[in-house]
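Following: one structure in structure tokens, then a few remarks.
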Amino acid sequence: MGLNDIFKIGDRIKELRKDKGMSAKETAKELNIKYPTYSNYENNNRTPDYKTLVKIAEYYGINPRQLALPPGWKISEKDGVSIERVNVEQIDDINRQKLLYNYEKLNESGKKEASKRVWEMTRLKEYQKDNKAVSKESDKEEKVSTRKATQEDMDLF
1 MGLNDIFKIG DRIKELRKDK GMSAKETAKE LNIKYPTYSN YENNNRTPDY
51 KTLVKIAEYY GINPRQLALP PGWKISEKDG VSIERVNVEQ IDDINRQKLL
101 YNYEKLNESG KKEASKRVWE MTRLKEYQKD NKAVSKESDK EEKVSTRKAT
151 QEDMDLF
């Protein structure tokens, strides 16, 4: 499962077209692409070849690599290169999907080990939400207490 499985280029093409206020038929005509073919691109039924991707990117005034941006990400009109993140929750959802996808590839023993390791990471301040970096001394203390807690609580896993 690559990023293309999560972010389909067609979704990005459709978003750019809608942002421009164009219909799919109008856009296909301007790009000199048959409407059914263009529609298949937008609906992720077909992937445009590189030459077509360049043509579409030029039409929208962007770099072809920017077509791989996820929906909800905006390209700055200022320079066409910098990116503004619009929806942080989308990124969290993607990370959860990737984590779950990889977790599901594990056998029962691997799932148990993965759960244990995630639990261990939650015990370390450096990985906890809303915690600043800890000093080396307190970090050592936390690691020692984590090992003890891990041994005591392993029956949870």
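If you're matching positions, the sequence shown starts at 1 in the UniProt record's numbering and goes up one per residue.
Note that the Cβ used here is the ideal one computed from N, Cα and C, for glycine as well.
Note that the coordinates shown come from a computational prediction; the quantities given were computed from them, not determined experimentally.
Leu-124 has its alpha-carbon roughly 19 Å from the corresponding atom of Lys-112. Taking C-beta atoms as the reference points, Lys-55 and Leu-31 count as a pair closer than 8 Å. Taking Leu-16 as reference, the option from Lys-129, Tyr-41, Tyr-103 and Leu-106 with the minimal CA-CA separation is Tyr-41.
Look at Ser-23 here: in three-state DSSP terms it is coil, with no helix or strand label. Under the three-state reduction of DSSP, Ile-33 is assigned to coil, being neither helix nor strand. For Ile-62, the three-state secondary structure derived from DSSP is coil.
Inclusion of Thr-47 and Ile-9 in the CB contact set at 8 Å is warranted, their separation being smaller than that value. Leu-53 is positioned such that its CB atom lies no closer than 8 Å to that of Arg-12.
Exposed is the label assigned to Thr-122, since fewer than 16 other Cβ atoms lie within 10 Å of its Cβ. Separation of Asp-19 and Glu-58 (C-alpha to C-alpha, rounded to the nearest whole angstrom) is 15 Å. The C-beta of Lys-14 has 16 or more other C-beta atoms within 10 Å across all chains shown, which makes the residue buried. Between Gly-21 and the set Gln-97, Asn-45 and Tyr-60, the nearest pair of CA atoms involves Tyr-60.
With a cutoff of 8 Å on beta-carbon distance, Tyr-103 and Ala-114 are scored as near each other. Assignment of Gln-97 by DSSP, reduced to helix, strand and coil, places it in the helix class.
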